[in-house]
């Protein structure tokens, strides 16, 4: 219904729906240029799984260009995600700063999303329902009529709202296949995993104490780690 | 198993790591001796989040204050609570870092890097930008490397035959913390 009213040209939102639905209503809490480049930083670590192609830098150039950020300010798109330069969130062509730094790939994941706060939606839906009831002199509206109003109002509000941007830096260490991602937002992590996989065909595994231990220990001790139960410290 | 389930089921490893690190740091008055690396300064300070119980029945307690006032948090350990998050100062040689570590997923939060000469070079030409980026990455990785070294020490002893002995020492330390708190 919504799509037929306002067809979204490059319907990125469909591709990213699973990730977005896992975290309904959560804001991305992205900050501009905090993290990798300056200021205090928060990050999580990943292991990059899979083998890199031989002509690696050509592959990166191609793939990053194919998945670079597309601006949606002048479109009706609800959502856009892609890579930009860590130095400048408007630089999706990497004209001013490369994504190559020594033996690292450094990128920013930019996410723009037109968001409607639930309170705003509720207000405009109530207003529109009242208007229609008065206009048609109805005591109450049917469930399907109310659903239709809600979708129409939502689409209208989305169209009128400006996309909210969020930017997250990453540094991918090619020598030891690890990646620092400068955010701890769960929603951003899920988006990163998907975008990274789509761009490079490589999976990211979050480093948590358990799998760090698995990697550090020899086989026998790793088996023991698997059997551990919580210790009583008192 | 799904990662979310693993994080929940194996979350105690991170909690025990933080508790062990705290004990280890206090055992030698603020330094931990890492094999092949020497002494690393490790100080728990300012902020700690403790958890008691599991799942829905869990309770969380936040303790804030100066280092000496973490006595309450230590007493919490003595009452069976486990650290969920801790603010740590960690230093080796000239470089001093501050980080809040979380137990379950080992997130590095609000990391403060040491001040360096190149860090003050704020020019925007591509070369100095790349230099600055690389320097920051090196520092971040120096910190994660130190945490890895400490974690490796912990996980080795935790899966070894020495663990019961180490656990006894930890228990003595938590008990002493509780006693001290109650008598003050």
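Protein chains in written order, with this note's numbering: chain Y, 1 to 234; chain P, 1001 to 1184. Glycine included, C-beta positions come from ideal geometry on N, C-alpha and C. Bear in mind that the values here come from a model prediction, so they are computed numbers and not experimental data.
Check your understanding: Is any beta-carbon of chain Y found at less than 9 Å from that of residue 1042 of chain P?
Key -> no
With a Cβ-Cβ cutoff of 9 Å, do residue 1114 of chain P and residue 1141 of chain P count as a contact? no
Point to revise | Rounded Cβ spacing between residue 91 of chain Y and residue 97 of chain Y (contact assumed at less than 8 Å) | key: 7 Å
For residue 1011 of chain P, the three-state DSSP class (helix, strand or coil):
helix
Notebook entry, point to check: Does DSSP put residue 197 of chain Y in a helix, in a strand, or in coil?
Noted result: helix
Note down, in chain order, each residue of its chain lying with its Cβ closer than 7 Å to the Cβ of residue 184 of chain Y, except the 5 sequence neighbours on either side.
42, 44
Q.
Looking only at its chain, what residues have a beta carbon closer than 7 Å to the beta carbon of residue 196 of chain Y, apart from the 5 residues adjacent to it on each side?
A. 202, 204
Using alpha carbons as the reference points, say which of Y:158, Y:150, Y:84 lies closest to residue 242 of chain Y. Nothing can be reported for residue 242 of chain Y, as the shown portion of chain Y is limited to 1 through 234.
So what does DSSP say about residue 89 of chain Y, is it helix, strand or coil? coil
Requested in this report: Check the Cβ-Cβ distances between residue 104 of chain Y and every residue of chain P, and say whether any is below 9 Å.
Outcome: yes
Using a beta-carbon distance cut-off of less than 7 Å, what residues from the stretch 1008 to 1031 of chain P approach chain Y? 1010, 1012, 1013, 1014, 1016, 1017, 1019
Check: Expressed to the nearest angstrom, what Euclidean distance is found between the alpha-carbon atoms of residue 28 of chain Y and residue 188 of chain Y?
Finding: With a pLDDT of only 49 at residue 28 of chain Y, under 50, the local geometry of the prediction cannot be trusted, and the value read off the model is given with reservation. Cα-Cα distance, rounded: 6 Å.
Open item on the list: Give me, in chain order, the residues of the same chain whose beta-carbon lies closer than 6 Å to that of residue 1042 of chain P; leave out the 5 immediate sequence neighbours on both sides.
Closed with: 1025, 1032, 1090
Exercise for review: Mind checking which residues open and close the beta strand (DSSP E) that includes residue 104 of chain Y?
Suggested key: 104 to 113
**Integer-rounded CB distance, given that residue 1076 of chain P should sit under 8 Å from residue 234 of chain Y** = Residue 234 of chain Y to residue 1076 of chain P, Cβ: 11 Å. No contact.
**OP:** Spell out whether any CB of chain Y is found under 9 Å from the CB atom of residue 1158 of chain P.
**Re:** yes
Helix or strand or just coil, what does DSSP make of residue 1026 of chain P? helix
**Prompt:** So which of Y:50, Y:141, Y:206, Y:104 has the shortest CA-CA distance to residue 1137 of chain P?
**Reply:** Y:104
In the DSSP assignment, find the beta strand (DSSP E) that holds residue 1041 of chain P and state where it starts and stops. 1038 to 1052
* **Interfacial residues, the stretch 1103 to 1115 of chain P to chain Y, with Cβ spacing under 9 Å** => 1103, 1104, 1105, 1106, 1107, 1108, 1109, 1110, 1111, 1112, 1113
#### Entry: In chain order, each beta strand (DSSP E) run of at least 3 residues that lies wholly inside the stretch 102 to 189 of chain Y
104 to 113, 164 to 173, 178 to 181
Which ranges does the beta strand (DSSP E) cover as unbroken runs of at least 3 residues, wholly within the stretch 1063 to 1118 of chain P, from first to last along the chain? 1082 to 1092, 1095 to 1102, 1108 to 1112
Let me see if you follow: with CB-CB separation under 9 Å, is residue 196 of chain Y close to chain P or not?
no
Are there any heavy atoms of the ligand ATP lying less than 8 Å away from the beta-carbon of residue 1074 of chain P, as far as the coordinates show?
Absence of the ligand ATP is noted for the structure shown, with no ligands found whatsoever.
Exercise for the section: Quick one: measure Cβ to Cβ for residue 1092 of chain P and residue 1100 of chain P, integer angstroms, because I've assumed they're closer than 8 Å. Expected result: So it is not a contact: roughly 19 Å between Cβ atoms.
Partners in chain P for residue 47 of chain Y, counting only beta-carbon separations shorter than 9 Å:
Simply none; closest approach about 12 Å.
Boundaries of the beta strand (DSSP E) in which residue 45 of chain Y is found, first to last residue: 41 to 49
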